[in-house]
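Undergrad: Can you keep this structure in mind? I'll have questions shortly.
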Amino acid sequence: EEDDDDDVFHIGDFEIELENESSSHEVVQHAYGATKEVWAWGKTVPVLSNVLGLTEGVTSKFFEITIHVDDVEKDLVIPNLKKLDDEIVSPSIGTILKIIGPAVSVGEEVLVKPALHHIVQIPFLGQL
198 EEDDDDDVFH IGDFEIELEN ESSSHEVVQH AYGATKEVWA WGKTVPVLSN
248 VLGLTEGVTS KFFEITIHVD DVEKDLVIPN LKKLDDEIVS PSIGTILKII
298 GPAVSVGEEV LVKPALHHIV QIPFLGQL
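Residue numbering for the sequence shown follows this note's numbering, starting at 198 and increasing by one per position.
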């Protein structure tokens, strides 16, 4: 498999390979999952459990009646989150990484290496 040199950046000993725009980072889906975990935790807190459970029941019933969806998460939420990730978030992340990747690589050469070189030359630090 051949690597495209424009998609690989070196920072010191590390190599960062950018994925193509079609790859999915699933940022929104992971955020939704984390939110669900916080919600589930909140349902274990005595003060919040009744309110969160009631809210969840009312919302589920609302969607069932108004748009005839039995499983809101499976039929409505997950497909739309995936679409948001695939069409907006992942391509945006890929574009941002392509823009800042070269700057990070140059920044390491211009700032980090000279700074480390001067730090190592300080007598009491150089002996560590």
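Don't be surprised by glycine CBs; every beta carbon is placed ideally from N, CA and C.
Do you know how far the Cα of aspartate 282 is from the Cα of glutamine 226?
TA: Here the question's residue 226 lines up with position 29 in the sequence shown. Here the question's residue 282 lines up with position 85 in the sequence shown. Going from the Cα of glutamine 226 to the Cα of aspartate 282 covers about 7 Å.
Undergrad: Output the residue ranges of the alpha helix (DSSP H) runs that lie fully inside the stretch 226–267 and measure 4 residues or longer, sorted by chain position.
TA: List check, alpha helix (DSSP H) in window: 243–263.
Undergrad: Quick check on leucine 308: buried or exposed, where buried means 16 or more other Cβ atoms within 10 Å of its Cβ?
TA: Locating residue 308 in the sequence shown gives position 111, counting from the first residue. Classification for leucine 308: exposed.
Undergrad: Classify glutamate 270 as helix, strand or coil using the three-state DSSP reduction.
TA: The residue labelled residue 270 in the question sits at position 73 within the sequence shown. Helix.
Undergrad: Mapping the DSSP letters down to three states, classify glutamate 223 as helix, strand or coil.
TA: Numbered from 1 along the sequence shown, position 26 holds the residue referred to as residue 223. Reduced to three states, the DSSP call for glutamate 223 is coil.
Undergrad: If we ignore side chains and look at the alpha-carbon of each, how far apart do leucine 245 and tyrosine 229 end up?
TA: On the sequence shown, residue 245 is found 48 positions in, with the first residue counted as 1. On the sequence shown, residue 229 is found 32 positions in, with the first residue counted as 1. So the two alpha carbons sit approximately 20 Å from each other.
Undergrad: Spatial neighbours of isoleucine 290 within its chain, please: C-beta separation below 6 Å, excluding the five flanking residues on both sides.
TA: Here residue 290 corresponds to residue number 93 of the sequence shown, with the count starting at 1. Excluding sequence neighbours, isoleucine 290 sits near His222.
Undergrad: Please classify leucine 251 as buried or exposed, where buried requires at least 16 other C-beta atoms within 10 Å of its C-beta.
TA: Position 54 of the sequence shown, counting from 1, holds the residue named residue 251. Exposed: under 16 other Cβ atoms inside 10 Å.
Undergrad: Looking only at its chain, what residues have a beta carbon closer than 7 Å to the beta carbon of glutamate 261, apart from the 5 residues adjacent to it on each side?
TA: Residue 261 sits at position 64 when you count from the first residue of the sequence shown. Hits under 7 Å: Asp267.
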